[in-house]
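In terms of my numbering, the sequence shown opens at residue 4 and continues consecutively. Even glycine gets a Cβ: it sits at the ideal position worked out from N, Cα and C. Take a look at the structure below.
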Amino acid sequence: MDHSHLNPPSFSTYLDQLQSPLFSVLPAEVRSEIFAFALTDFEDLSVPYSKETCYRRPGYDAPRRTRTELLRTCKRVFQEAWFMPFAYAEHALYLTSPDRAPRRHITVERMQRYLDILHASRREDVKINHARIFAQLWALEPGDRLQRVLNMQHFYPRRITITLRYTDFWYWEANEPLRVAAKWVNICRFPNSLTRLSIDFESIERRKEEVNYIAKEAAERWHFRRQDGTVLSACQAETSIMKWTGSSIWGGQRWIRDEVRPNELDYHAVTVTWRPAPSDGDVPEECPDLSVPRTFPRPPVPNPNRGEAWLELDDLRAANVPPDATADEAYAAIVELHRQRQRARRVR
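Put into structure tokens, the structure is as follows:
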């Protein structure tokens, strides 16, 4: 969300607007709910992200934005609701390499500036509804980058979601078994405002049993702590599953190994949720690393093609491979292209 116009009221007087039932009849609590509904963010599908990226996904098909016309209706509305577009937005932060995030996204530095403005103007703690953190494991596991986010001044989220995408796991390119080290689980401390922490574990449909295994282990063996010492335990009844279909093309490559249809991959994600729970004194200090055993049964890849996991888009264009070509057809065309190039080099 773009918060470049996050500014507190700068006027000293305003009309009470009591001729409007919004202010003369409705109590402030109801009015606040109406404003929150009108000022909650949404995906702006008029400017969608490219399908050929690894950051386009459900809920993030496009940049999130908020319609702020309501704030321009009168000074009284602005006085009461100016901070809501920020408080009710889903704030996405990326602990990733630059190519794994949209070109324009909020950084910790920018987020801190907005939090400082809110705190200085409201002179009270403003709770944020939801912060989502997309994280590659190399950036998440040491814990320092996540803790830097959690340590922002005046950062009071009610809910945090950490999303581990298919391409965020270690050596996903080589089809390695899923694993997540737990150092960050053990050392990171979450804000005291947090009432819900969720982690999305995601991979391709073929590897759904690995995802289920890791998610189940996390629910049973991981717990988290807030800064005040409160323990967050998994609510297994809240575990949910999401399935979706995305592009197999990103980074100038077509990942044919697991295509289920031309240019498409099916995904399987499990979300585990932790909430504050009374401690019975039997909570271990250290949570274990999680890993799928190498002996774990895994279905074979659908398109082995002599071990080729991906094809270069430039080669596909050079070979005039049509967009609807199957993985096998695309691979065969690239093999023939390479043969032609080898023959041409020998002739020279």
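Beta-bridge partners of residue i, as assigned by DSSP
i, result
"K130", "Y159"
"R60", "Y63"
"Q256", "W253 and E315"
"Y270", "I207 and W247"
"R228", "R192 and V234"
"T164", "R135 and S201"
"E93", "H133"
"R182", "S294"
"R264", "E267"
"C98", "In the sequence as displayed, the identity of residue 98 is Leu instead of Cys. Beta-bridge pairing links L98 to A138."
Which listed residue (the options) has its alpha carbon closest to that of residue i
i, options, result
"R297", "N178, S124, A92 and L235", "N178"
"L197", "W277, I337, D64 and E289", "W277"
"R209", "A272, H108 and A321", "A272"
"Q239", "P265, R257, I207 and L200", "L200"
"E315", "V234, E32, K130 and A333", "A333"
"E205", "Q230, D171, P194 and R228", "D171"
"A65", "D47, R148, R107 and A336", "D47"
"E72", "D327, G249 and L42", "L42"
"S294", "E213, L268 and R103", "E213"
"A312", "I136, I190 and D331", "D331"
"P279", "R301, V263 and T233", "T233"
"V50", "R60, R67 and W247", "R67"
"D203", "R70, I120, I165 and E289", "I165"
"K246", "Y270, P265 and R264", "Y270"
"E289", "H226, E267 and A347", "H226"
"G62", "I217, F137, I190 and A347", "F137"
"T69", "Y52, M87, R59 and F158", "M87"
"M114", "M155, T76 and D128", "M155"
"N215", "P300, I120 and V338", "P300"
Own chain partners of residue i with C-beta closer than 7 Å, once the 5 adjacent residues on each side are dropped
i, result
"L74", "V80, F81, A84 and W85"
"P291", "A185 and R224"
"C57", "R103, R168, T170 and W253"
"L340", "D318, A321 and A322"
"N195", "R229, Q230 and D231"
"W173", "L140, E179 and R182"
"L25", "R34"
Own chain partners of residue i with C-beta closer than 8 Å, once the 5 adjacent residues on each side are dropped
i, result
"S7", "A caution first: S7 carries a pLDDT of 49, below 50, which makes its placement in the model unreliable, though a value can still be read off. Same-chain partners within the cutoff: there are none."
"V304", "N178, R209, R260 and D261"
"N306", "I259, R260, D261, E262, A330, D331 and Y334"
"H157", "L118, D119, L121, H122, D128 and V129"
"L29", "I37"
"Q256", "W313, L314, E315 and L316"
"A222", "A237, Q239, T242 and V275"
Cβ-based neighbour list, residue i, same chain, cut-off 6 Å, excluding 5 preceding and 5 following
i, result
"H108", "Y97"
"R192", "R228 and Q230"
"Q139", "T99 and D171"
"R162", "H133 and R199"
"K54", "S250"
"W187", "L143, E144, G146 and L149"
"N308", "Y334"
"W141", "none"
"L21", "S27"
"A95", "R135"
"P302", "R209"
Rounded distance between the beta-carbons of residue j and residue i, thought under 8 Å
i, j, result
"D44", "E93", "6 Å"
"T274", "S236", "Not quite, the Cβ-Cβ distance comes to about 16 Å (not below 8 Å), so this is no contact."
"K130", "A104", "Contact flag wrong, Cβ pair sits at about 25 Å."
"P265", "A218", "Incorrect: roughly 30 Å between the Cβ atoms, too far for contact."
"L268", "I207", "6 Å"
Proximity test, residue i beta-carbon vs the ligand NAD heavy atom, cut-off 7 Å
i, result
"T110", "The ligand NAD is not among the ligands present in this structure, which contains no ligands whatsoever."
message: Please give me, in chain order, every unbroken run of the alpha helix (DSSP H) with length at least 4 that falls completely inside the stretch 17-84.
response: 24-27, 31-41 and 78-84
Entirely enclosed beta strand (DSSP E) segments - the stretch 274-338, minimum 3 residues
none
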